[in-house]
Every structure is written in structure tokens, then in C-alpha cells.
Amino acid sequence: MPHFVRYIGDNATVEELRGLNPTTAGRIAQYCTVHNIALDTINLPCGAKVHWVGPHANNTSNVILYYHGGGWAKPIVTPQIDYVLSCQEKSSASVHTAVAFLQYGLAPENKNPVALTHCVEGLRYLLTEGYSPSNIVVMGDSAGASLGLGVMSHILHPSPDIDPLQLSSPLAGFLCISPCLAFNFRAPSYDENAKNDFLSIKQIKIFLDAYLPRTYQREFYSEPLEAPISWWKGFPAKSTLLLAGDLEIMRDDAVEFAKKISGQIPGFEFLICKNEKEEYPSTVKHHHVDLTGSANSIANELKGVEAEYLFFAAYIQKDSEQENWDVNGALLKNFLEALKITGANKKLKRVLLVTGAKQYGVHLGQVKNPMEESDPWMEGSEWPPNFYYNQQEILKKQAADGGWEWVVTYPNDVIGMARGNFMNLSTTLGIYATINKEINQELPFPGSENFYTRFDTFTSSKLHAKFALWAILAPKAANRAFNVVNGDVQSWQNLWPKLAARFKCKIPADQFMHPSPFASSTTLSRPPIDALASQIGLEGTAAVKPSTLDQRIKLSEWSKDDRVKKVWDDIVTREGLDQKAFDNATWAFLDFVLGRSYDLVLNMTEARKLGFEGFVDTWEALDETFAELEEAGVLPKIK
2 MPHFVRYIGD NATVEELRGL NPTTAGRIAQ YCTVHNIALD TINLPCGAKV HWVGPHANNT
62 SNVILYYHGG GWAKPIVTPQ IDYVLSCQEK SSASVHTAVA FLQYGLAPEN KNPVALTHCV
122 EGLRYLLTEG YSPSNIVVMG DSAGASLGLG VMSHILHPSP DIDPLQLSSP LAGFLCISPC
182 LAFNFRAPSY DENAKNDFLS IKQIKIFLDA YLPRTYQREF YSEPLEAPIS WWKGFPAKST
242 LLLAGDLEIM RDDAVEFAKK ISGQIPGFEF LICKNEKEEY PSTVKHHHVD LTGSANSIAN
302 ELKGVEAEYL FFAAYIQKDS EQENWDVNGA LLKNFLEALK ITGANKKLKR VLLVTGAKQY
362 GVHLGQVKNP MEESDPWMEG SEWPPNFYYN QQEILKKQAA DGGWEWVVTY PNDVIGMARG
422 NFMNLSTTLG IYATINKEIN QELPFPGSEN FYTRFDTFTS SKLHAKFALW AILAPKAANR
482 AFNVVNGDVQ SWQNLWPKLA ARFKCKIPAD QFMHPSPFAS STTLSRPPID ALASQIGLEG
542 TAAVKPSTLD QRIKLSEWSK DDRVKKVWDD IVTREGLDQK AFDNATWAFL DFVLGRSYDL
602 VLNMTEARKL GFEGFVDTWE ALDETFAELE EAGVLPKIK
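First residue of the sequence shown: 2, per the working numbering; consecutive thereafter.
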């Protein structure tokens, strides 16, 4: 598909490309009619238009101001509208978010700086309407993102061609998606991704010829990458997110720009969106679905998609357990309701839901060991909400109503290759070991001295995948929940020396005897074992007292130390590693996993009795995962 789109773009004029779509006003009006959304269009004196899509009467609400992309010459297209409205849908439910699309003058009729002027005036209009800057988020993609940066530049350094714009406070945020940052096309990604991106240098030059006046001389409003670092001091947004695609030709310009401005802009984040090239059988078909949408919106995206077996492993981490209950319950329920709407549920035979050992309250403190599927749920006002329980009740009810079967899995401390995964054990361990090897070749255990000699059971992601395939088909596995762990029982007193040897480090002989500047201890609330204390004869014992999380080195704080970050930056530069692996590492999760003071043994007897024989050596799973992370450029190869 990129080849076809690139061919058309390379061989068509701006006028021909524009003729493929209605005007911005026409496209938005058509969209609102089809989706039954209110539309209010405001004509600005400068010639620009502001299209309010949906209600906007209350100027105390939040507002998204969107500058669309299209090479400064093409109108807005439907996916851009879809994206902005999906962002609106995901915004805070407690405060309404209005959406305003800015229609600016297109090239070649309107040369630079007309489009920038229109974008500035669009923001000025919101301010005169009474919207506070602290409630405004500016968003833009491609040329629209470049215009957004031009607006930020104009606020900081007024262009002599445009009336100055002053803000009473910083904007709430700025989302800058795949901007064009310079017109020299020197970055390596222009060649590296020439066959991957639908956009080409030839197309950009066609657009620039239409957009720039013949007298154009390089300036920072149009080419922000050329601006000095000092230009961005006092950036007028509380938070800024810059996004670039890994396979885009302009990717390296974004990387260079991010490095330049990251120290000047508070709340700045930069992400490269990966487009992994993985080999799948020809029978595998991908469907991108927004699971946070309503059942109807999910159904629209799943029209014509049918299956007999379904694996559901989606999860969103929220700030409170009640939010986790609400959001993750809705993910599953709306998805299953969508299958009813499309009729796909009529072909379903079995659905497998992936949860975890949080089922047993391992996050709350001491549990009963070994943990068994028949253990009672911790329900009621004396326990915090557990969204696993909500999901399982939803699953069972939907299965009963739909006439299909269900399976639930409870893995624990999963080991596997993943980038940016909220509960990624291996990547974070590997980075910690790599940095310590670089510093002094010593690898102190950062967690609890108590837990170092306690027992844990882990789950290889590959073993879990094999188990899921077995459980989805095994007749006797229907309507059952199963613990899924490797089959061995491990302890860090056994694993840590192997980890140190692999990364060519040594363990300090007296590692627990010295004070640490990053030490931390947290007392948890009521432990799960207390719910069973009277039944198993433990009332009044130390076992039912609140557990603690103890870190000799609290990694979520250690990872913020400038010296630590400098060491990692040097390793990344020398070895050519993934630059964002450190920021994506889940330091707080590793603090929790290693800081516990109690055993975590899950019993696999139920699955064994039904015939599952899978087994993985936990150290071998860790070692194999580290090797995969090295091949992926996340960790350096051991020399």
C-alpha cells in the first residue's frame, strides 16, 4: 500500500491530489451529517474557519484545537477527524472537552505565512471567546504539527508578519505528530525509510513549491529544527508530546529536534511509534480496534470478523483500584457486547481471559501458600476492588447468555520480551544489570533482604501461550480457572548469582550490610491470609500482620539519578541501542516484585490433572529473554 500511495503522490499535481477530496468544510459537514453530530462553523475575519464539532457553549470546558496535515495544500480527511474525536472520547469524563477544527488557507493560492496566520488567529479566537489557555490543548499532524510549532514560536517570538499573541498562562498541552521540521532532507532516515513511508522527498518538494513564496529565506517559524536551543525557552505549554513513526522518512529530524529541545521544554515527552515487521502465517489477519470505545463503535470496527475461539488479554492501568474495576470491566464487557451486535457471538465456542496472581491479592501482602484456584475471593468493603473479579463475573454471565464456554488464566511474574509493557520484569532487570556492570561490575540485589531467600513462581510468556492454546481446546478445561506457572519453584538467592554471572558482574559479599541512599520501606494494609486465619489456625500470629515492601535500592528513585541516566546515555550512544528503553522500563513494578517480604507459590495441580505437561526452567526463560532483548537492540550484547 505505501508503494501505491507514494506512486500517486509522486506523479500528481497538488491540484489533482486536492481534487480527490472535498474541502475541509465539506468533509467535516459530511462527517457530522453521517454521525449525527452538531456542527457550528465560525468565519474568522482573516479568512480562516473554526469548525466546532459537537457542543461548545460552555467556555469553562476543555477544548482541543486541531491543525490538520496535508502538505499545507490538502484538506482534512476522515481518519484525522476520527482520531481527534477518539482523543475527545478518552478525555476526562468529569469535564466536557469541546473540539475545534481550524480550516486554514491552502497552498498554492495561499503562500506562507497565510496558513500560520490563520492558525494563530484560530487560537486567538478561542481566547477571545473566554477559554483559558490552561484548558486548551493544541494538536496537529504532519504539516499541521509544523504549523503548531510555528504558533508556539510566534507566541515566544512574534513574527513581524503576524499580530503578536500573548497568553495569560501556558496552554494545557501540545500534541505534535510527525511534523516537517526542516527542508534540507539530510537525515539518514530519508534514505533508510524511502521504501517504507508513503511520503517521499519528491512529494515534500512539490508541496513546498506550492507553499513557500519564491522569496522564501530560512526562518524558524517554518523550520523549527534550525532554531537555536535558546529559542524554545519559556515554551508556552505545560506538557508537550512529540510523536514520530519508526518507518517515516522524517523520523531522524524528530529525534534530533527532541534531543535539542528536551531540556528547554518542561513536561516534554518524545515517542517513536514502532511498526514491527513480524512474519505471520498467511491466515493471520490484523484488525485494529479501539477497545476503549462503546460497544457500537467496536462493533463497527469488527463487522465481518468472526471466530470460534477468542483470547482476551487487554488491560489498562489506572490510578485507583476502583478506576481499574470500571475501565477494565468496560473493556471486556463492551467487546463481548459488540460481538452480539455483529452476530459473531453465534459462532463462538470458547473465550479465554488472561488475568494474573492479583487474583489472590499478592499486591496486598502475605498470601496463603500455595495459592489454589479454589481459594476464596477477597470481596466486600474491607477489601479494595479487584477488577479481575469484575471481569470474571462479566465473562461468566456473557458465556451463560451466549451459550459458549470460558477459561481464565492466572500467570505470575511473567518473563518475556516486551517493549513498554507495564509489567515487564526482564527489560528492567537487564538495564539495571547493564548499568551496574558499566559502573563497577557489582550487582547488589535492590529488593528485600527477606524476599531474597523467599520462594516465588514465575511464568514464561511462551509457556503461557502454549497453555492458552491447550486450554482453549481441551474439553475438560471448559468453564475453569487455572494457575499457569513454569513448574519450578525459585528464589532470588538462586537466580541473582546467575544473573550477575550472565552480565559479568559480581555480588557484594555483604550486600545487605551497608546503608543505601535509595532505601525505602512501605507497610501494606490487611494481608490476604488474614481472611483465612481463623480457618487455618493463624489468628494472632505474625503471619496476619501487615506485610512490608522493602527496597534496599528503590529503583524508581535510583533511575532518576542524573549519574545513572548519564551512564545509560553513554551506553546507548556507544552500542547504538534503543534510546527510549530506559524511560519505558517499569522501575516501580520491579520495586514491587523484588520488595515483597512473603512467598508466592502457585499450585499447578489442577492443570496437571487435566493433562497439561508444559514446563519451563525459570532461569533459562530469563536468559533466553535477555538474548532476545540484545538482538532487538534494547540491551547491549555481552562482550
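Backbone N, C-alpha and C define an ideal beta-carbon position, used for all residues, glycine too.
Item: The beta strand (DSSP E) enclosing M153, as first and last residue numbers; Value: Taken as a continuous stretch (DSSP letters only), M153 belongs to no beta strand (DSSP E), being part of the alpha helix (DSSP H) at A144 to L157.
Item: P498 - containing alpha helix (DSSP H), residue span; Value: W493 to R503
Item: Assigned secondary structure, T549 (DSSP; H/G/I helix, E/B strand, else coil); Value: strand
Item: Proximity of Y68 and L117 at Cβ, strictly below 7 Å; Value: no
Item: At least three beta-carbon pairs within less than 8 Å, the segment 40-54 to the segment 166-179; Value: no
Item: Residue from L200, I432, D571 and Y105 whose Cα sits closest to the Cα of I250; Value: L200
Item: Given G404 as reference, the closest of E16, T356 and L349 once Cα atoms are compared; Value: L349
Item: 7 Å Cβ cutoff met for N325 and K319; Value: yes
Item: At least three beta-carbon pairs within less than 8 Å, the segment 358-366 to the segment 308-317; Value: no
Item: Whole-angstrom distance between V138 and A211, CA atom to CA atom; Value: 29 Å
Item: V486 - DSSP class collapsed to helix/strand/coil; Value: coil
Item: C-alpha distance - V121 paired with I299, whole-angstrom precision; Value: 36 Å
Item: 7 Å Cβ cutoff met for A259 and L244; Value: no
Item: Proximity winner among D291, R503, S535 and S169, relative to Y84 (alpha-carbon distances); Value: D291
Item: CB contact flag (S517, R481, <7 Å); Value: no
Item: Same chain only: Cβ atoms within 8 Å of W98, ignoring 5 sequence neighbours per side; Value: At residue 98 the sequence reads Thr, which differs from the Trp that was named. Once the five neighbours on either side are set aside, the close Cβ partners of T98 are S62, N63, V64, I65, Q89 and S92.
Item: Start-to-end residues for the alpha helix (DSSP H) that takes in G690; Value: In the structure as shown, the chain begins at 2 and stops at 640. Residue 690 is therefore absent and cannot be evaluated.
Item: Spatial neighbours of Q323 in its chain, beta-carbon cut-off 7 Å, leaving aside the 5 residues before and after; Value: P386
Item: P267, buried or exposed, once every other Cβ within 10 Å from all chains shown has been counted against 16; Value: exposed
Item: Continuous beta strand (DSSP E) assignments of at least 3 residues falling wholly in the segment 87-140; Value: 98-104
Item: Beta-ladder partner(s) of R351, from DSSP; Value: Y310 and E406
Item: Beta-ladder partner(s) of C47, from DSSP; Value: None; C47 has no bridge partner.
Item: Touching by the beta-carbon criterion (3+ pairs, under 8 Å), the segment 131-145 and the segment 70-86; Value: yes
Item: Alpha helix (DSSP H) segment containing S427, residue limits; Value: L426 to I440
Item: 7 Å Cβ cutoff met for S557 and D592; Value: yes
Item: Assigned exposure category for C274 - 16 Cβ within 10 Å defines buried; Value: exposed
Item: Alpha-carbon to alpha-carbon, F208 and K640; Value: 48 Å
Item: Candidates S462, A101, G431 and E631, of which the one nearest T410 by Cα; Value: S462
Item: Between the CA atoms of E374 and Q392 - distance to the nearest angstrom; Value: 16 Å
Item: In DSSP terms, what H52 is bridged to; Value: T42 and F102
Item: Three-pair Cβ contact test at 8 Å for the segment 500-511 versus the segment 533-545; Value: no
Item: At least 3 beta-carbon pairs within less than 8 Å: the segment 569-587 vs the segment 620-638; Value: yes
Item: Of the residues W471, Y599 and I416, the one placed nearest F456, counting alpha carbons only; Value: Y599
Item: Nearest-angstrom Cβ-Cβ length linking L444 and N437, presumed shorter than 8 Å; Value: 5 Å
Item: Residue(s) in a DSSP beta bridge with G294; Value: None; G294 has no bridge partner.
Item: CA-to-CA distance, N495 to H4, given in whole angstroms; Value: Reliability of the predicted coordinates at H4 is poor, the pLDDT of 47 falling under 50, and no value is obtained from them.
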